[in-house]
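Trainee: There's a structure below that I have some questions on.
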Amino acid sequence: MSIITLKNLNKTYETYKKPAGLLAALKQLFHREKIYTRAVKDMTFAIEPGEFVGFLGPNGAGKTTTLKMLSGILYPTAGEVTLLGHTPWQRERAFQKQFALVMGQKNQLWWDLPAADSFLLFKEMYEIPDEVYRANLNELTTLLGITHLLEIPVRKLSLGERMKCELTGALLHQPKVLLLDEPTIGLDVVSQTNIRDFLRRYNREKKVTILLTSHYMEDVSALCDRVIVINHGQLIYDGALRELMDEYVREKIIAVTFTQPVPKGALADYGELREYTPERAVIAVAKSAARQTAAAILSELPVDDVLITEIGLDDVIRHLFLAGHTRERVV
0 MSIITLKNLN KTYETYKKPA GLLAALKQLF HREKIYTRAV KDMTFAIEPG EFVGFLGPNG
60 AGKTTTLKML SGILYPTAGE VTLLGHTPWQ RERAFQKQFA LVMGQKNQLW WDLPAADSFL
120 LFKEMYEIPD EVYRANLNEL TTLLGITHLL EIPVRKLSLG ERMKCELTGA LLHQPKVLLL
180 DEPTIGLDVV SQTNIRDFLR RYNREKKVTI LLTSHYMEDV SALCDRVIVI NHGQLIYDGA
240 LRELMDEYVR EKIIAVTFTQ PVPKGALADY GELREYTPER AVIAVAKSAA RQTAAAILSE
300 LPVDDVLITE IGLDDVIRHL FLAGHTRERV V
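Position 100 (the sequence shown) corresponds to 99 in our numbering; numbering is contiguous.
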């Protein structure tokens, strides 16, 4: 049975126009013009237990709204959602003890208190037995390397340290589902890598189902076998990450450095010239012809170095957004 199921989920926000000026404000007392914004449109997908799924889309696509409906923070306008067999917005106690939501731009820890104090509060909120609490806290703080930070006020921690504490707090009650909204936003490269390593290990060892939103494609590439892509509130792709790359990556990039200057005209027959200087060129070629083309360049030109790469996931996702293709996963 799927652990998360969305069926024809919709969310429409109702706001009002507010023109500038005193006269306009007075008119608003008698008549206000409503604006309806559909943030989520007929969203349907299912996630199986233990999956680590990337949930992608540009700013304003509806990702955070969807996560808030999954966690019960928001009510949908229409449609159905079940998470762990519960309807989230009914906010049953048994449901709330089985999931966690971590938002990279929202703090759940008390700002002026040490993280240890917030953890004790979570222990009481989730009714975690003493022995289980101590074991979980020790395991999580050791894995994340934050044992020495627990008695320092949260406001004095670095961004990366705070995020590790946020993850610890979210996982103390051993949730079955973890919803992550931009958990590595603003972190340096080292902190991002540490968070990824921890999430990969935790998913593998604890079999926790994780739904991850991120604008860092390195997060998605490193952690997710499956991706769900949305744009303007609509699902446009749901399937394996590898299949997405295979379907939309139809060319490879050959970067060549020369031992002596090479005229631009000498490169015209090899492929599409993306970058050029007499000492270096970047050429796009069909994926099936990459090896043959690289071999020809090596044999016919004064090559010092050659590197063959694929188009990055960022470019593939950007292409999906622009093209607006829709492809749903068969469940």
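Where is the CB? At the ideal position from N, CA and C, for every residue including glycine.
In this text the structure is predicted, and so the values were computed from the model without any measurement.
Suppose the cutoff is 6 Å on Cβ atoms and the five residues either side in sequence are ignored; what does the same chain contact list for Pro48 look like?
Mentor: Excluding sequence neighbours, Pro48 sits near Ile2 and Thr208.
Trainee: Which residue's Cα is closest to the Cα of Val284: Thr292, Glu278 and Pro277?
Mentor: Among Thr292, Glu278 and Pro277, the Cα nearest to that of Val284 belongs to Thr292.
Trainee: Just to check my reading of the structure: Gln95 and Val176 have Cβ atoms closer than 8 Å, yes? What is that Cβ distance to the nearest angstrom?
Mentor: Between Val176 and Gln95 the Cβ distance is about 11 Å, and since that is not below 8 Å, they are no contact.
Trainee: Is it buried or exposed, Ile34, if we count other Cβ atoms within 10 angstroms and call 16 or more buried?
Mentor: With fewer than 16 Cβ atoms within 10 Å of its Cβ, Ile34 is classed as exposed.
Trainee: At the level of alpha carbons, what is the spacing between Ile310 and Gln107?
Mentor: Roughly 38 Å separates the two Cα atoms.
Trainee: Thinking Phe54 and Leu211 are a contact (beta carbons under 8 Å), I'd like their distance in whole angstroms, please.
Mentor: Right, their Cβ atoms sit about 6 Å apart.
Trainee: Roughly how many angstroms lie between the CA atoms of Ser339 and Gly144, to the nearest whole one?
Mentor: Nothing about residue 339 can be reported from this structure: the residues present for the chain run from 0 to 330 only.
Trainee: Quick one: Cα of Ala21 to Cα of Lys122, how far?
Mentor: The residue asked about is misnamed: residue 21 is Leu in this sequence, not Ala. Spanning the two alpha carbons is a distance of roughly 51 Å.
Trainee: Measure the alpha-carbon distance for Glu13 versus Leu73 and round it to whole angstroms.
Mentor: Spanning the two alpha carbons is a distance of roughly 13 Å.
Trainee: Tell me whether the region 150-159 and the region 122-133 touch, counting them as touching only if at least three CB pairs, one residue from each stretch, are closer than 8 Å.
Mentor: Segments in contact, no.
Trainee: According to DSSP, simplified to helix, strand and coil, what is Leu28?
Mentor: Reduced to three states, the DSSP call for Leu28 is coil.
Trainee: Measuring only the C-alpha atoms, how far is Thr308 from Glu299?
Mentor: Spanning the two alpha carbons is a distance of roughly 21 Å.
Trainee: Kindly indicate which three-state DSSP category Tyr236 falls into: helix, strand or coil?
Mentor: Here Tyr236 sits in strand by DSSP.
Trainee: Measuring alpha carbon to alpha carbon, tell me which residue in Glu50, Ile252, Thr86 and Ile184 is nearest Glu217.
Mentor: Of the listed residues, the one whose Cα sits closest to Glu217 is Ile184.
Trainee: If you follow the beta strand (DSSP E) that Ile332 is part of, which residue opens it and which one closes it?
Mentor: Residue numbering for the chain in the displayed model covers 0 to 330; residue 332 lies beyond these limits and cannot be assessed.
Trainee: Per DSSP, what kind of secondary structure is Ile184 in: helix, strand or coil?
Mentor: Residue state, collapsed to three classes: coil.
Trainee: Could you tell me the distance, in whole angstroms, from the CA atom of Asn331 to the CA atom of His85?
Mentor: Examination of residue 331 is not possible in this model, given that the chain is present from 0 through 330 alone.
Trainee: Among the residues of its own chain, which have a CB less than 6 Å from the CB of Leu100, if the five just before and after it don't count?
Mentor: Around Leu100: Ser70 and Leu178.
Trainee: Rounded to the nearest angstrom, what separates Arg326 and Ala24 at their Cα positions?
Mentor: Residue confidence for Arg326 is low, a pLDDT of 46 falling below 50, so the modelled location carries little weight; the figure read from the coordinates is stated next. Arg326 and Ala24: Cα-Cα distance of roughly 46 Å.
Trainee: Run through the DSSP bridge pairs and tell me what Lys33 is partnered with.
Mentor: DSSP, once it has assigned bridges, lists Tyr15 as partnering Lys33.
Trainee: Roughly how many angstroms separate the alpha carbons of Gly232 and Arg37, rounded to a whole number?
Mentor: If I take the Cα positions, the gap works out to 7 Å.
Trainee: Rounded to the nearest angstrom, what separates Ile151 and Ser117 at their Cα positions?
Mentor: Straight-line Cα distance between these residues: approximately 12 Å.
Trainee: Cα separation between Ala254 and Lys263?
Mentor: For Ala254 and Lys263, the distance between alpha carbons rounds to 14 Å.
Trainee: If you reduce the DSSP assignment to three classes, tell me which class Val329 lands in.
Mentor: Confidence at Val329 is low in this model, with a pLDDT of 37, below 50, so its placement is unreliable and no value can be given for it.
Trainee: Return the CA-CA distance between Lys10 and Met124, expressed in angstroms with no decimal places.
Mentor: Their Cα atoms are separated by approximately 30 Å.
Trainee: Which residues in the same chain have their Cβ closer than 8 Å to the Cβ of Met68, if we skip the five residues on either side of it in sequence?
Mentor: Taken in chain order, the residues that qualify are Leu8, Lys10, Val39, Tyr74, Pro75, Val80, Pro87 and Trp88.
Trainee: Comparing alpha-carbon positions, which option in Ala288, Thr256, Asn137 and Leu149 lies nearest Ala114?
Mentor: Cα-wise, what sits closest to Ala114 is Leu149.
Trainee: For the alpha helix (DSSP H) that Leu143 lies in, which residues bound it at each end?
Mentor: Where Leu143 is concerned, the enclosing alpha helix (DSSP H) stretches over Asp129 to Leu143.
Trainee: From Glu271 to Phe320, what does the alpha carbon distance come to, in whole angstroms?
Mentor: Whole-angstrom Cα-Cα distance: 24 Å.
Trainee: By Cβ distance, which residues of its chain are closer than 7 Å to Tyr15, with the 5 residues on each side in sequence left out?
Mentor: Cβ within range, chain order: Arg31, Glu32, Lys33 and Ile34.
Trainee: Starting from Leu120, trace the beta strand (DSSP E) in both directions and tell me its first and last residue.
Mentor: From DSSP, Leu120 is part of no beta strand (DSSP E) but of the alpha helix (DSSP H) over Ala114 to Met124.
Trainee: Which residue from Ala19, Ile46 and Lys6 puts its Cα closest to that of Met0?
Mentor: Considering only alpha carbons, the answer is Ile46.
Trainee: Look at Val305 and Ile296 and say whether their C-beta atoms are less than 8 Å apart.
Mentor: Contact: yes.
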